[in-house]
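Data block below; observations after.
In the numbering used here, the protein residues as written are 89 to 285.
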């Protein structure tokens, strides 16, 4: 376990710019396809990897995303293997996790990222777990310049941005702050396959 995070120049020398953890799950496969397409168009030199516990499923995700994902490496790191998670974190500038439920499978990965000064982003909407991660890791991550950014998925973004935009609009248009905001979503379709699994 490192005592201090690596300097920013050391971050640039890491093997991968991004490691996508949970790349073989429902949301993970969609994220692989998106990253592959974006890297091909906007960042052809992106150094990235697909990570999770099952190398065969990770390879299938890479193959399904087509030629644009061919350069993505496979990193096997089960959530119950602290050494593998530490190695994954040491190899990446940023870890993006789509592997939930986060309260069951995310804590060790966040710990590995904090221990190795690796930035971390996820798609959780599990606020009690997020509170636990803040309580455990905020002080050290902030001191060392490591970014831990949860709640970057649909569970959180529309609600947070919608509330912020409504507060801004109320203040600008009516000169009063919002006291209480209630939101509802209407959409077609159902829950994703990862949620049902």
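Even glycine gets a Cβ: it sits at the ideal position worked out from N, Cα and C.
Remember, it's a predicted structure, so these values are computed and weren't measured experimentally.
Can you find the residues in the same chain that come closer than 6 Å, C-beta to C-beta, to residue i, ignoring five residues on each side of it along the sequence?
{"i": "residue 89", "result": "Low confidence applies to residue 89: its pLDDT is 37, below 50, so where it sits in the model is not reliable enough to give any reading."}
{"i": "residue 164", "result": "143"}
{"i": "residue 117", "result": "149"}
{"i": "residue 121", "result": "153"}
May I ask you to report which of helix, strand or coil DSSP gives residue i?
{"i": "residue 90", "result": "Only weak support is given to the placement of residue 90: the predicted model assigns it a pLDDT of 43, under 50, and the value that follows is read from those uncertain coordinates. Of the three classes helix, strand and coil, the one that applies to residue 90 here is coil, per DSSP."}
{"i": "residue 116", "result": "helix"}
{"i": "residue 138", "result": "strand"}
{"i": "residue 104", "result": "strand"}
Residue i to residue j, Cα distance in whole Å?
{"i": "residue 114", "j": "residue 169", "result": "22 Å"}
{"i": "residue 250", "j": "residue 102", "result": "36 Å"}
{"i": "residue 256", "j": "residue 218", "result": "26 Å"}
{"i": "residue 147", "j": "residue 184", "result": "18 Å"}
{"i": "residue 162", "j": "residue 258", "result": "48 Å"}
{"i": "residue 271", "j": "residue 252", "result": "12 Å"}
Skipping 5 residues on each side, what residues in its chain have a beta carbon closer than 8 Å to that of residue i?
{"i": "residue 226", "result": "236"}
{"i": "residue 158", "result": "150"}
{"i": "residue 97", "result": "With a pLDDT of 49 at residue 97, under the threshold of 50, the modelled position of that residue is not reliable, and no figure is offered here."}
Note down, in chain order, each residue of its chain lying with its Cβ closer than 7 Å to the Cβ of residue i, except the 5 sequence neighbours on either side.
{"i": "residue 198", "result": "208, 221, 225 and 236"}
{"i": "residue 213", "result": "239, 241, 243 and 244"}
{"i": "residue 174", "result": "200, 203 and 204"}
{"i": "residue 128", "result": "156"}
Report, in whole angstroms, the separation of the C-beta atoms of residue i and residue j, which I expect to be a contact under 8 Å.
{"i": "residue 180", "j": "residue 264", "result": "Actually they do not touch by this definition, with Cβ atoms about 45 Å apart."}
Checklist entry - Can you list the beta strand (DSSP E) stretches of 3 or more residues lying completely in the segment 197-282, in chain order? => result 207-210
Item to check | Every unbroken alpha helix (DSSP H) within the segment 138-202, with a cutoff of 4 residues, ordered by chain | outcome: 143-152, 170-179 and 190-193
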